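One structure is given below, encoded as structure tokens.
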Amino acid sequence: MNHLLSIADLGADGIDELLRLTDSFVEVSSRPIPKVPALRGKTVVSLFFEDSTRTRLSFETAAKRLSADTMNFSVSTSSVKKGESLRDTVETVEAMGVDAVVVRHSSAGVPLQISRWASSSIINAGDGWHEHPTQALLDCYTIRQHLGGVEGRRIAIVGDVKHSRVARSDVLAFTALGAEVTLVAPPTLLPPRVDAWPVEVSHDLDDVLPKVDVVYLLRMQRERMTEALVPSLREYTARYGLTLARSRLLAPDAIVMHPGPMNRGVEIAAEVADLPHAHIVDQVRNGVAVRMAVLFLLLGSGTQGVIDG
Amino acid sequence: MAEVAMIVRGGRVVDQRGERTADVAVTAEGDIVEVGADLDAAGTGARVLDATGCVVAPGFVDVHVHFREPGQEDAETIESGARCAARGGYTAVVTMPNTQPAIDSAAVARQVLETGRGTVCDVHTSAAVTIGRQGGALSPMAELAELGVRLFTDDGAGVQDERLMRRAMEYGRALDVTLAQHCEIESLASGGHMHEGEWSSQLGIPGIPAEAEELMVSRDIALARLTGARIHFQHLSTAGSVELVRAAKAAGLPVTAEVTTHHLALTDACCAGYDPVFKVNPPLRTEADIAALKAAVADGTIDAIATDHAPHTQHAKEQPFDHAPPGMLGLETALAVARCELDVDLATLVGLLSWRPAAIAGIADRHGGPVEAGRPANLVVFDPDVAWTVDPADTASRSRNNPYAGRQVRGRVRHTVLEGEPVVIDGEVQR
Numbered sequence: 299m300n301h302l303l304s305i306a307d308l309g310a311d312g313i314d315e316l317l318r319l320t321d322s323f324v325e326v327s328s329r330p331i332p333k334v335p336a337l338r339g340k341t342v343v344s345l346f347f348e349d350s351t352r353t354r355l356s357f358e359t360a361a362k363r364l365s366a367d368t369m370n371f372s373v374s375t376s377s378v379k380k381g382e383s384l385r386d387t388v389e390t391v392e393a394m395g396v397d398a399v400v401v402r403h404s405s406a407g408v409p410l411q412i413s414r415w416a417s418s419s420i421i422n423a424g425d426g427w428h429e430h431p432t433q434a435l436l437d438c439y440t441i442r443q444h445l446g447g448v449e450g451r452r453i454a455i456v457g458d459v460k461h462s463r464v465a466r467s468d469v470l471a472f473t474a475l476g477a478e479v480t481l482v483a484p485p486t487l488l489p490p491r492v493d494a495w496p497v498e499v500s501h502d503l504d505d506v507l508p509k510v511d512v513v514y515l516l517r518m519q520r521e522r523m524t525e526a527l528v529p530s531l532r533e534y535t536a537r538y539g540l541t542l543a544r545s546r547l548l549a550p551d552a553i554v555m556h557p558g559p560m561n562r563g564v565e566i567a568a569e570v571a572d573l574p575h576a577h578i579v580d581q582v583r584n585g586v587a588v589r590m591a592v593l594f595l596l597l598g599s600g601t602q603g604v605i606d607g
Numbered sequence: 500m501a502e503v504a505m506i507v508r509g510g511r512v513v514d515q516r517g518e519r520t521a522d523v524a525v526t527a528e529g530d531i532v533e534v535g536a537d538l539d540a541a542g543t544g545a546r547v548l549d550a551t552g553c554v555v556a557p558g559f560v561d562v563h564v565h566f567r568e569p570g571q572e573d574a575e576t577i578e579s580g581a582r583c584a585a586r587g588g589y590t591a592v593v594t595m596p597n598t599q600p601a602i603d604s605a606a607v608a609r610q611v612l613e614t615g616r617g618t619v620c621d622v623h624t625s626a627a628v629t630i631g632r633q634g635g636a637l638s639p640m641a642e643l644a645e646l647g648v649r650l651f652t653d654d655g656a657g658v659q660d661e662r663l664m665r666r667a668m669e670y671g672r673a674l675d676v677t678l679a680q681h682c683e684i685e686s687l688a689s690g691g692h693m694h695e696g697e698w699s700s701q702l703g704i705p706g707i708p709a710e711a712e713e714l715m716v717s718r719d720i721a722l723a724r725l726t727g728a729r730i731h732f733q734h735l736s737t738a739g740s741v742e743l744v745r746a747a748k749a750a751g752l753p754v755t756a757e758v759t760t761h762h763l764a765l766t767d768a769c770c771a772g773y774d775p776v777f778k779v780n781p782p783l784r785t786e787a788d789i790a791a792l793k794a795a796v797a798d799g800t801i802d803a804i805a806t807d808h809a810p811h812t813q814h815a816k817e818q819p820f821d822h823a824p825p826g827m828l829g830l831e832t833a834l835a836v837a838r839c840e841l842d843v844d845l846a847t848l849v850g851l852l853s854w855r856p857a858a859i860a861g862i863a864d865r866h867g868g869p870v871e872a873g874r875p876a877n878l879v880v881f882d883p884d885v886a887w888t889v890d891p892a893d894t895a896s897r898s899r900n901n902p903y904a905g906r907q908v909r910g911r912v913r914h915t916v917l918e919g920e921p922v923v924i925d926g927e928v929q930r
């Protein structure tokens, strides 16, 4: 594997391999000095065309724990205005001698486009509404950690699926691993041809909650109000928010997840986010280990021994 | 009898009169002087253009091309676009007005027509319905019509306002011009970059629903009924659109319609690799739409094949999919793609490429045949069956946004004769 562009490229076996590899990096991360020399001499660049603190920080931490050199290529809006093309930007970064480029862009497909021009490994850190593969991997890992596995689990993904790269990657990953996925959202926040997806669809969260092992809440973005997709945040919360009262409908061992950043009080009540069966912080923690596994798999061929060292 | 300057020898003539094996003799003045078997060139000094194994037909006419001049000459010029047209067997084209500035005044239209005059193709232009294609105020339609403009369109966008469209159609009736529409309701389509369907849902690309086109087709059919004015539908792309046009024609309304070669050959699945070469407007649709378009071609609902030849520079097409401009090249591949996609006889195919669009463009006096004495020698000679592989580098265009790279096709233009002059011989532009 040269790149990680889409969950679809991995398949069930590829996801399993990465989750197993993640186990070793969770162990590495728990050491007093959570660092191994696996990627010493390798250079990992973050090329973020869209603001992101959490994902960038997570990838940087992962690279540093593998002893890779890290660089940040900040693409501000002004440099886009200066007219440099995508291809020129990528070729500039590559000319500095890099081994992996972690790409975040507001347009779907950019990591795939870049991979055609690049000789280094391209890692999709989120492209428009399309995919966010490492988020899906860390979600699978978190579910496996708390529920023993993904296969056969019933997972509800609630909220703005239409505009969500997290949802697209999660649906691919969860269903590849054999979970039963139900999307819960008003029709305006679902993809137009969701009927072709291997999922169930519901518009009734109260009906779905008692039946699931995982409720996965998506971030509700405020700009959706201006597009007449929902009448108001208040009405959205009333029908699709995980309020405290609604959380009591969940089975006792069901877990609550969210990719962050949360809008407390909108898609998730403040109290619910802090309940013991909410594993949102675990997701962030696992994110570092999963990204270590991805970087290691792409760049660390033949250095398996150094993790144990 | 005028002196014979050239004989097109050994071909099979295909036109609205039928098919026959015949040579075509052309005068230095550019007129067909004789059509018949085994014409004698000996002693006349006439040039012989070999058409053995080929079809000799009235030159093709494209009612929908973008030559980007004035304003975007790095992508195409009238001169380079005309060379593409000639290589594709076209003897006449109608350029679209979405230049910079738009072709919405006599000054710009005159400039385009004058620049076109020296080229290897007969370049006509449409003009914008509204000033700046902004959908606000009517362009000087009568003044433009006096320059020879026969089609008015805001192509690239549809005229959104019903009242304004009604007025344009009514006003145009006195000028013997045709309103042509790029059918798309902006409030449904805006923000979309490909067909709204299974692929857009999966790829996370905002979609353009088929209904955005169909609603405007339906509206304009109603306006044709109201005004009695002719309306030509550009680049229809959906099953619903051709069904509406079929019904309108059955009701006797004065409507015509074109389909592009790419809407017959390519689907939204082509966008799976996020290559903006496959971004076009209207967007590539589904297999079901292609089947409906082909059925509409077969039953005559579709009048013409157009290319919507839309050059864009390499760097424009190397942007993210949702930033890249829509459009693809088409003039040099149209015959081959149409030949591969359409199961129709040669006379029907030539009609779709030649005399039927010539009638829509209002230039049937000089283009579209028939191939007979006294007519202008605007001819194409093509091999209907030769197989070849599309190579984007093999082009007269300034751009390379060819969606058929590597595709195996059949049918290729050998010669193009413009007003008696062989402007293309064996695929090579002669000047």
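Line order of the protein sequences matches chains L and R. Under my numbering, the very last position in the first sequence is 607; numbers go up by exactly one each time. Under my numbering, the very last position in the second sequence is 930; numbers go up by exactly one each time. Idealized CB from N, CA, C, for every residue including glycine. Predicted model only: the values in this text are computed from it and were never measured.
{"Query": "Residue 683 (chain R) burial status per 10 Å Cβ neighbour count (16 or more: buried)", "Result": "buried"}
{"Query": "Cα-Cα separation, residue 768 (chain R) to residue 774 (chain R)", "Result": "11 Å"}
{"Query": "Cutoff 8 Å: residue 808 (chain R) Cβ touching any chain L Cβ", "Result": "no"}
{"Query": "Test: residue 515 (chain R) CB closer than 8 Å to a CB of chain L", "Result": "no"}
{"Query": "CB of residue 513 (chain L) within 8 Å of CB of residue 552 (chain L), strictly", "Result": "yes"}
{"Query": "Amino acids of chain L, ordered along the chain, whose beta-carbon sits closer than 7 Å to that of residue 695 (chain R)", "Result": "490"}
{"Query": "Members of the segment 396-411 of chain L near chain R, C-beta cut-off 7 Å", "Result": "403, 405, 406, 407, 408, 410, 411"}
{"Query": "Residues in the segment 416-436 of chain L having any Cβ partner in chain R nearer than 8 Å", "Result": "425, 426, 427, 428, 429"}
{"Query": "CB contact below 8 Å: residue 385 (chain L) versus chain R", "Result": "yes"}
{"Query": "Proximity winner among R:875, R:831, R:925, relative to residue 902 (chain R) (alpha-carbon distances)", "Result": "R:831"}
{"Query": "Start-to-end residues for the alpha helix (DSSP H) that takes in residue 574 (chain R)", "Result": "It is not in any alpha helix (DSSP H) - residue 574 (chain R) carries neither H nor E in the DSSP assignment."}
{"Query": "Euclidean distance between Cα positions of residue 584 (chain L) and residue 401 (chain L)", "Result": "20 Å"}
{"Query": "Reduced DSSP secondary structure (H/G/I, E/B, other) of residue 307 (chain L)", "Result": "helix"}
{"Query": "Proximity to residue 389 (chain L) [Cα-Cα], best of L:364, L:406, L:418, L:372", "Result": "L:418"}
{"Query": "Unbroken stretches of the alpha helix (DSSP H), 4 residues or longer, contained in the segment 503-589 of chain L", "Result": "503-506, 531-538, 542-545, 568-571"}
{"Query": "Whole-Å CB distance - residue 534 (chain R) paired with residue 928 (chain R), under 8 Å assumed", "Result": "The Cβ separation is near 26 Å, so there is no contact."}
{"Query": "Listed by chain order, chain R residues near residue 494 (chain L) by CB distance under 9 Å", "Result": "696, 697, 700, 701"}
{"Query": "C-alpha distance - residue 406 (chain L) paired with residue 530 (chain R), whole-angstrom precision", "Result": "55 Å"}
{"Query": "Closer than 8 Å to chain R by CB, residue 520 (chain L)", "Result": "no"}
{"Query": "Alpha helix (DSSP H) segment containing residue 671 (chain R), residue limits", "Result": "661-672"}
{"Query": "Supposed contact pair residue 849 (chain R) and residue 556 (chain R) - C-beta distance, whole angstroms, cut 8 Å", "Result": "5 Å"}
{"Query": "Counted within 10 angstroms of its Cβ, other Cβ atoms place residue 607 (chain L) as buried (16 or more) or exposed", "Result": "Because the pLDDT at residue 607 (chain L) is just 47, under 50, the model does not fix this residue reliably, and the point stays unresolved."}
{"Query": "N- and C-terminal bounds of the beta strand (DSSP E) containing residue 561 (chain R)", "Result": "559-564"}
{"Query": "Nearest candidate by alpha-carbon position, reference residue 698 (chain R), set L:498, L:490, L:470", "Result": "L:490"}
{"Query": "Neighbourhood of residue 341 (chain L) by C-beta distance below 7 Å, restricted to the same chain and skipping five residues each side", "Result": "366, 367, 369, 395, 396, 397"}
{"Query": "Simplified DSSP state of residue 299 (chain L), which is helix, strand or coil", "Result": "coil"}
{"Query": "Proximal residues, the segment 458-474 of chain L versus chain R, C-beta separation under 7 Å", "Result": "463, 466"}
{"Query": "Cβ pair residue 783 (chain R), residue 763 (chain R) closer than 8 Å", "Result": "no"}
{"Query": "3 or more residues per run - each beta strand (DSSP E) lying fully within the segment 384-413 of chain L", "Result": "398-403"}
{"Query": "Limits of the beta strand (DSSP E) - the one that residue 732 (chain R) falls within", "Result": "730-732"}
{"Query": "Counted within 10 angstroms of its Cβ, other Cβ atoms place residue 740 (chain R) as buried (16 or more) or exposed", "Result": "buried"}
{"Query": "Residues that residue 621 (chain R) bridges to, as DSSP identifies them", "Result": "R:591"}
{"Query": "CB of residue 506 (chain R) within 8 Å of CB of residue 540 (chain R), strictly", "Result": "yes"}
{"Query": "8 Å Cβ cutoff, residue 670 (chain R) in contact with chain L", "Result": "no"}
{"Query": "Counterpart residues of residue 415 (chain L) in DSSP-defined beta bridges", "Result": "Partner(s): none; residue 415 (chain L) has no beta bridge."}
{"Query": "Distance CB(residue 597 (chain L))-CB(residue 337 (chain L)) smaller than 8 Å", "Result": "yes"}
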